[in-house]
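Once you know that position 38 of the sequence shown is 38 in UniProt numbering, the rest is easy, because the numbers rise by one and skip nothing.
Every residue, glycine too, gets a C-beta built ideally from N, C-alpha and C.
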Amino acid sequence: MLEQLVKRAREEEEILEDETITGETVSGLDLSRLDFRRMQFFRCRFADCDFSGAEFLCCTWYGCDFSRCRFSESYWKQTLIQACRGDAAVFADSIFRQCRLQDSSFCYANFSGVALEECFFSGMQCRQAVLARVKLKKTKWQSTDLTGAELFQTPLKGMDLSDCEIAGITVSESFSELRGVKLSPLQAVDVARMLGVQIV
Numbered sequence: 001m002l003e004q005l006v007k008r009a010r011e012e013e014e015i016l017e018d019e020t021i022t023g024e025t026v027s028g029l030d031l032s033r034l035d036f037r038r039m040q041f042f043r044c045r046f047a048d049c050d051f052s053g054a055e056f057l058c059c060t061w062y063g064c065d066f067s068r069c070r071f072s073e074s075y076w077k078q079t080l081i082q083a084c085r086g087d088a089a090v091f092a093d094s095i096f097r098q099c100r101l102q103d104s105s106f107c108y109a110n111f112s113g114v115a116l117e118e119c120f121f122s123g124m125q126c127r128q129a130v131l132a133r134v135k136l137k138k139t140k141w142q143s144t145d146l147t148g149a150e151l152f153q154t155p156l157k158g159m160d161l162s163d164c165e166i167a168g169i170t171v172s173e174s175f176s177e178l179r180g181v182k183l184s185p186l187q188a189v190d191v192a193r194m195l196g197v198q199i200v
């Protein structure tokens with residue numbers, strides 16, 4: 001069904017809207033520059049698919065696997081991603097506005113240069129993810145695992161990471177990214193060690 005919808009959207013320059021896609025598996029599909037509105041994806045698997053430059057408005061992704069797919073320069077607004085796998089997917093230079101990402105795995109995913117505005121991360125696995133040069137605005141983090149994540153040149157001022165895992169994160173030598181971030185006492189000890197402070 002999805003492949004037919006994509007083909008028609010390209011041929012007729014249509015928006016993909018108000019459809020529910022359930023249990024489909026597609027491989028090598030070119031979905032770049034397509035416009036998705038109020039689309040629902042349930043338990044779908046995407047292998048080696050290209051979503052570069054696509055737009056997602058008021059969409060729902062539930063139980064889907066789009067690991068290693070390409071979403072560079074995509075645009076997301078008021079979209080829910082829940083119980084999905086996006087490990088090693090590429091979201092570089094994308095924009096997320098008013099989106100919820102919940103109970104999903106984005107380990108090793110590339111979010112470099114992404115803008116996150118009024119987004120909510122909850123129960124996310126983002127181990128070893130690249131979050132360099134990310135612009136954060138009114139974004140909330142809850143029970144998210146950022147172990148080993150790269151946060152180079154991503155200002156965390158005002159962000160509350162107190163119930164997140166941040167062991168082994170990578171920041172610049174000046175540690176400027178951590179200024180103004182809210183941490184738990186245990187996290188503060190880890191950060192102090194990063195700064196070379198000896199805890200006695």
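Can you round the beta-carbon distance between residue i and residue j to whole angstroms, since I take them to be within the 8 Å contact cut?
i, j, result
"A88", "S67", "6 Å"
"M39", "E14", "M39 to E14, Cβ: 13 Å. No contact."
"G148", "R133", "No, G148 and R133 are not in contact; Cβ-Cβ is about 18 Å, not under 8 Å."
Among the residues of its own chain, which have a CB less than 7 Å from the CB of residue i, if the five just before and after it don't count?
i, result
"T22", "F42 and R43"
"W141", "F121, M159, D160, L161 and C164"
"R33", "G53 and A54"
Just list the residues that DSSP pairs residue i with in beta bridges.
i, result
"D35", "E55"
"S105", "R85 and Q125"
"S27", "A47"
"R70", "D50 and V90"
"K7", "Per DSSP, none; premise fails for K7."
"L80", "T60 and R100"
Could you name the residues of the same chain whose beta carbon sits closer than 6 Å to that of residue i, not counting the 5 residues immediately before and after it, in chain order?
i, result
"L151", "L131, I169, V171 and E177"
"F36", "L16, F56 and C59"
"K182", "D160 and S162"
"L116", "F96, L136 and T139"
Have a look at the options and flag the residue whose alpha-carbon is nearest the alpha-carbon of residue i.
i, options, result
"W76", "G53, Y62, G86 and T147", "G53"
"E107", "V181, C84, Q78 and K138", "The question names Glu, yet the displayed sequence has Cys at residue 107. The residue with the shortest Cα to Cα distance from C107 is C84."
"D93", "L101, F111 and F51", "F111"
"I166", "S174, Q153 and V189", "V189"
"S174", "R100, L101, L29 and Q153", "Q153"
"R127", "T79, A109 and E118", "A109"
"C99", "Q82, V90 and G86", "Q82"
To which residues of the same chain is residue i closer than 8 Å at the C-beta, ignoring the five residues directly before and after it?
i, result
"R8", "E14"
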